[in-house]
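Residue numbers (the numbering used here): 29 to 245.
Backbone N, C-alpha and C fix where the C-beta goes; we use that ideal spot for every residue, glycine too.
The structure presented is a predicted model; accordingly, all values stated were derived computationally and were not measured.
One structure below.
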């Protein structure tokens, strides 16, 4: 009986000690809320706020759309400027062609005047020869036509005047010819510029109207 009572007393003491130890360990362990999410579990364990991952795909798309719009606007502005330059170049070319045609007409007119002067000189020389032959026939009773040179038959003043007129006409023709060459070179340069403008316009039309530039993500 004593042995059973003593054993029973020891069992109660051990039971009380184990119960106290279990309660103390339970109070010291961290509490985890039931049915908590991943962020709650992470914050309950580490004590820090959960990290947030931002999605920038929307802002990237908006930026690309803005860049594409800016490019199209720039191409349209370049196209308008190209068309303006083309119109100005065509006006300048028309003026240059008109001036060149006027220079050609002036040159033809001057050449005609020069030919008239030369024909006038020839007629004058022929008339003087004829008169000199008549004088020779009256003096010598001969029908032989003398050999008359321009220096001996033409009046010096008339000779100088004719030569001056011819030299002036020739100088004017040379000047007009130089102007004509300059205008021709200017016209050639304008033609090249206009061709360049047309190529630029074609390129701008291609990108701004039919095939806008592609944007890649």
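If residue i sits next to residue j, beta carbons under 8 Å apart, how far is it from one beta carbon to the other, in whole angstroms?
i: residue 90; j: residue 221; result: Going by Cβ atoms, the distance from residue 90 to residue 221 rounds to 41 Å, so no, they are not a contact pair.
i: residue 122; j: residue 214; result: That belief does not hold up - the Cβ atoms of residue 122 and residue 214 are roughly 12 Å apart, past 8 Å.
Determine the direct distance from the alpha carbon of residue j to that of residue i, and round the result to whole angstroms.
i: residue 141; j: residue 192; result: 14 Å
i: residue 108; j: residue 134; result: 39 Å
i: residue 151; j: residue 203; result: 28 Å
i: residue 94; j: residue 105; result: 16 Å
i: residue 13; j: residue 137; result: No answer is possible for residue 13: the residues shown for the chain start at 29 and end at 245.
i: residue 115; j: residue 224; result: 13 Å
i: residue 98; j: residue 216; result: 36 Å
i: residue 119; j: residue 210; result: 18 Å
i: residue 158; j: residue 148; result: 15 Å
i: residue 246; j: residue 160; result: The requested residue 246 does not occur in the structure, where the chain is confined to residues 29 to 245.
i: residue 227; j: residue 206; result: 32 Å
i: residue 132; j: residue 199; result: 15 Å
i: residue 113; j: residue 219; result: 13 Å
i: residue 92; j: residue 100; result: 12 Å
i: residue 195; j: residue 165; result: 36 Å
In three-state DSSP terms, what is residue i?
i: residue 174; result: Model confidence at residue 174 stands at a pLDDT of 48, short of 50, so the residue's coordinates are unreliable; what they give is reported in the following sentence. Coil.
i: residue 227; result: helix
i: residue 220; result: helix
So, does the CB of residue i fall closer than 7 Å to a CB anywhere in chain C?
i: residue 209; result: Judged by its chain identifiers, the structure shown contains no chain C, having just a single protein chain.
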